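Residue numbers (the working numbering): 51 to 204. Glycine included, each C-beta is placed from N, C-alpha and C at the ideal position. Being a predicted model, the structure only gives us computed values, none of them experimental. One structure below.
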């Protein structure tokens with residue numbers, strides 16, 4: 051039986067196209083910046099309480115959102131909020147581990163939506179605080195009905 055000449059034997063082992071790998075690699079610095087920004091916000095809250103870090107976190111968030119399309123602003127805001135909310139609401143694990151994961155992900159979605167609706171232009175300096183405030187009001191009223199959990203105001 052003759053060997054099939056259409057079968058390649060020099061294909062990479064992981065079957066991931068090189069373009070996808072380079073795309074992922076190019077996004078890692080942005081993901082790291084989002085996580086770092088979220089951790090700055092986290093460490094500004096109790097029990098750590100290094101409150102000046104909140105100003106650095108807000109500045110970094112502004113730089114991450116500047117000039118980006120709405121979908122990019124959503125995901126960057128979501129990753130920032132994930133890095134901020136998962137550690138700062140970690141006490142919820144003692145009540146319900148699945149609830150902690152669900153609440154943190156839902157609240158991160160609120161924050162991501164607030165980042166997405168704020169314009170990418172310089173007007174975001176006015177619109178983003180308002181959008182974040184509305185997301186916080188929603189977070190404080192649903193699903194837990196009034197518990198101000200890990201917010202900027204703390």
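Nearest neighbour of residue i, chosen from the options [CA to CA]
i	options	result
residue 110	91, 162 and 188	91
residue 134	118, 74, 187 and 82	82
residue 191	202, 157, 176 and 172	157
residue 202	183, 188, 76 and 193	183
residue 84	137, 75, 129 and 194	129
residue 155	136, 172 and 200	136
8 Å CB neighbourhood of residue i in its chain, flanking five on each side removed
i	result
residue 115	123, 126, 127, 165, 168, 170, 174 and 178
residue 78	none
residue 112	174, 175 and 178
residue 86	110 and 133
Boundaries of the alpha helix (DSSP H) in which residue i is found, first to last residue
i	result
residue 182	174–191
residue 145	Segment: none, residue 145 is in no alpha helix (DSSP H) and carries neither H nor E.
residue 109	102–115
residue 127	120–138
Beta-carbon proximity list for residue i, same chain, < 7 Å, skipping 5 on both sides
i	result
residue 185	160, 161, 163 and 164
residue 181	164, 167 and 168
residue 153	139 and 142
residue 61	Residue placement at residue 61 is flagged as unreliable, the pLDDT there being 49, under the threshold of 50; the coordinate-derived value follows with that caveat. Taken in chain order, the list of residues that qualify is empty.
residue 93	100 and 103
residue 149	142
Nearest-angstrom beta carbon gap, residue j and residue i [assumed within contact, 8 Å]
i	j	result
residue 99	residue 131	About 20 Å; that fails the 8 Å criterion.
Neighbourhood of residue i by C-beta, 6 Å cutoff - its chain only, sequence neighbours within 5 removed
i	result
residue 117	170
residue 120	166
residue 189	157 and 160
residue 199	139
Short CB-CB distance (under 8 Å) between residue i and chain B
i	result
residue 125	In the structure shown, chain B cannot be found, because there is only a single protein chain.
Counting pairs of Cβ atoms below 8 Å between the stretch 98–107 and the stretch 140–148, do you hit three or more? no
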